[in-house]
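Residue numbers (the UniProt record's numbering), protein chains in the order written: chain A, 1 to 151; chain B, 1 to 151; chain C, 1 to 95; chain D, 1 to 95.
1) Going by Cα to Cα distance, which pick from B:18, B:113 and B:87 is closest to residue 105 of chain A?
2) Can you list the residues of chain A that residue 40 of chain B reaches, using a CB-CB cut of under 8 Å?
3) Quick one: complete alpha helix (DSSP H) runs, 4+ long, within the segment 55–111 of chain B?
4) To the nearest angstrom, how far is the alpha carbon of residue 94 of chain B from that of residue 149 of chain A?
5) Three or more C-beta pairs under 8 Å: does that hold for the segment 36–48 of chain A against the segment 82–90 of chain A?
6) At a CB-CB cut-off below 9 Å, which residues of chain B make contact with residue 84 of chain A?
7) Tell me, to the nearest whole angstrom, how far the beta carbon of residue 82 of chain B is from that of residue 60 of chain B; I am working on the premise that it is less than 8 Å.
8) According to DSSP, is residue 74 of chain C part of a helix, a strand, or is it coil?
9) Please tell me whether residue 6 of chain B and residue 79 of chain B are closer than 9 Å, where the distance is taken between their beta carbons.
10) By Cβ distance below 6 Å, which residues in the same chain neighbour residue 11 of chain C in space, the five residues on each side in sequence not counted?
11) Leaving out five residues on either side along the sequence, give the residues of the same chain with a beta carbon under 6 Å from the beta carbon of residue 72 of chain D.
12) Using a Cβ-Cβ distance under 9 Å, would residue 78 of chain B count as near chain A?
13) Taking the beta strand (DSSP E) that residue 88 of chain D belongs to, which residues open and close that run?
14) If you reduce the DSSP assignment to three classes, tell me which class residue 16 of chain A lands in.
15) Please tell me whether residue 28 of chain D has its Cβ less than 9 Å away from any Cβ of chain G.
16) Would a C-beta distance cut-off of 9 Å place residue 125 of chain A and residue 62 of chain D closer than the cut-off?
17) If residue 80 of chain C sits next to residue 53 of chain C, beta carbons under 8 Å apart, how far is it from one beta carbon to the other, in whole angstroms?
18) Just to make sure I have the definition right: I need the residues of chain A whose C-beta is within less than 7 Å of the C-beta of residue 22 of chain B. Which are they?
19) Let me check understanding here. Comparing Cα to Cα, which of A:42, A:41, A:54 and A:31 lies closest to residue 9 of chain A?
20) Could you give the first and the last residue of the continuous beta strand (DSSP E) run that contains residue 18 of chain D?
21) Show which residues of chain B have a CB atom less than 9 Å away from the CB atom of residue 104 of chain A.
22) Going by the beta-carbon positions, is the gap between residue 18 of chain D and residue 70 of chain D smaller than 9 Å?
23) Please work out which residues of its chain come closer than 6 Å, Cβ to Cβ, to residue 58 of chain A, disregarding the five sequence neighbours upstream and downstream, and give them in chain order.
24) Alpha carbon to alpha carbon, what distance is there between residue 46 of chain D and residue 67 of chain A?
25) Apart from the five residues just before and just after residue 107 of chain A, which ones in its own chain have a Cβ nearer than 6 Å to its Cβ?
26) Short of 7 Å in beta carbon distance, which residues of its chain neighbour residue 8 of chain C, apart from the five on each side in sequence? Order them along the chain.
27) Any idea what DSSP makes of residue 30 of chain B, helix, strand or coil?
28) Taking 9 Å as the threshold (beta carbon to beta carbon), is residue 51 of chain D in contact with chain A?
29) How close, in whole Å, do the beta carbons of residue 42 of chain B and residue 30 of chain A come, if the pair is a contact with beta carbons under 8 Å?
30) Under three-state DSSP, which class holds residue 102 of chain C?
31) In its own chain, which residues sit with a C-beta less than 6 Å from the C-beta of residue 17 of chain B, not counting the 5 before and 5 after it?
32) Assuming the contact rule is C-beta atoms closer than 8 Å, residue 42 of chain D and residue 77 of chain D should be a hit. Round their C-beta distance to whole Å, please.
33) What residues match up with residue 113 of chain B in a beta bridge as DSSP calls it?
34) Within 9 Å (strictly less), CB to CB, does residue 44 of chain A reach chain B?
35) Mind listing which residues of the segment 57–81 of chain B have their C-beta closer than 7 Å to chain C's C-betas, in chain order?
36) Return no unless some Cβ of chain B is closer than 9 Å to the Cβ of residue 165 of chain A.
Written as structure tokens, this is what we have:
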């Protein structure tokens, strides 16, 4: 069996989710199932651009710590976690999480958990541009509810 | 907003999941999140080949009916469901489910539900070749437990 | 459907063929994925005409039947016609 | 760290600078993402030396602090040194 791999990246420029997922899949032929989540900047709704700000000394270490928690909690063959920072246009990929596992349930739960915690705990500050004006986005209650699901 | 799409296919030959997912993603720029599940023939474990048999008059209509149930149950921008039949080598893709939604929770739940029901309800019969011998695979109890989760 | 109705009764009988389709492990038991057989008045009669071991396997409670792509309910006893296709469906395999 | 210890006290004082980093909406209030300021003996003293409106925002209970990439706990009161970086972290944005 191939060694379990964890690949965590903070991308400051664009990345290609199809290419990343293809490479991840090719690296895990022993996994029966691969669950992925791709978050992208929503087109429509009047948002012209999105900016995610990170703080280097905290953001990447926290992503790596989250990945380690996911690896401990579920039996995975591989885990991929890529998050953008910087200014993005509508349709641009923001985040890609992929979990490869022997069992489907593990892959779904791991990807779901990783997303819930990435969204609410990670050190990203977000602002949106609409009508030519930038506006900072405040925390949402939904994130705290998502987290509470995991006990 | 683009019209919600449902794409259900029974593939009797190989398909390229990276290409399919890329096209699906490009068709749904208005979706914030896309969850996908890719099932592939596991490498290792001594399985030399897998065959999935379908029965045309039942298999595709049942997949379409499942897709319609998923669309009714969650608010999605798009749903993709591709299932192989025929003989496949280790590493070959078997099934790809992708759900595009405005809200992450809907996309995860829809893909998860679709997989649980595809696995246990759809009209595929499976046999594996190991040590040069073909052997039919019987139903697993796990599938009934997976289904029970959805109430 | 029903195109044989104009023929005399004896000719209708001799022309009356149906197709049996065996899925999954039933294919191995039957020695092939499908078989053309003479129609009988009922599914029971069709099964009775088969090899006893195969007939037993087809009657297992977990084996479902479809006639022309329509799944039968427990008490359905359809009248068979020339050209009908009966599929024998063992439980589908787990994931 | 500690390389200034060999200098006379007056030179240490004049060379002692720290960097403040303002994340999210704090960047707009501060008029920039970071600022070099003269070190003071404590974080409280550093904040006191800033514009009152900015100082108030930095003291909001939901704003967390990190010194050289290490998050401070509620009662931490670190002694500041030349070259330290203090980051002010408002609540992160929801998804």
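For each residue, glycine too, the CB sits at the ideal point set by N, CA and C.
Being a predicted model, the structure only gives us computed values, none of them experimental.
Answer, in terms of the structure:
1) B:113
2) 25, 29, 31, 32, 33 and 34
3) 56–73
4) 31 Å
5) yes
6) Here the premise fails: no neighbours, minimum Cβ distance about 14 Å.
7) Actually they do not touch by this definition, with Cβ atoms about 12 Å apart.
8) coil
9) yes
10) Bear in mind that the predicted position of residue 11 of chain C carries a pLDDT of just 46, short of 50, making it unreliable; the figure below should be weighed with that in mind. Cβ within range, chain order: n/a, list empty.
11) 65
12) no
13) 85–89
14) coil
15) Considering every chain present, this structure includes no chain G. Its protein chains are A, B, C and D.
16) no
17) Not really, about 23 Å apart at Cβ, beyond 8 Å.
18) 18
19) A:54
20) 17–22
21) 37, 39, 112, 115, 116, 119 and 146
22) no
23) 123
24) 36 Å
25) 33, 35, 99 and 101
26) Note that residue 8 of chain C scores a pLDDT of 46, beneath 50, so its modelled location is shaky and nothing firm can be said.
27) coil
28) no
29) 6 Å
30) Any question about residue 102 of chain C goes unanswered here, given that chain C covers just 1 to 95.
31) 38, 93 and 96
32) 6 Å
33) Paired residue(s): none; residue 113 of chain B is not in a bridge.
34) yes
35) 57 and 58
36) It is not possible to answer for residue 165 of chain A, since the shown part of chain A is limited to 1 through 151.
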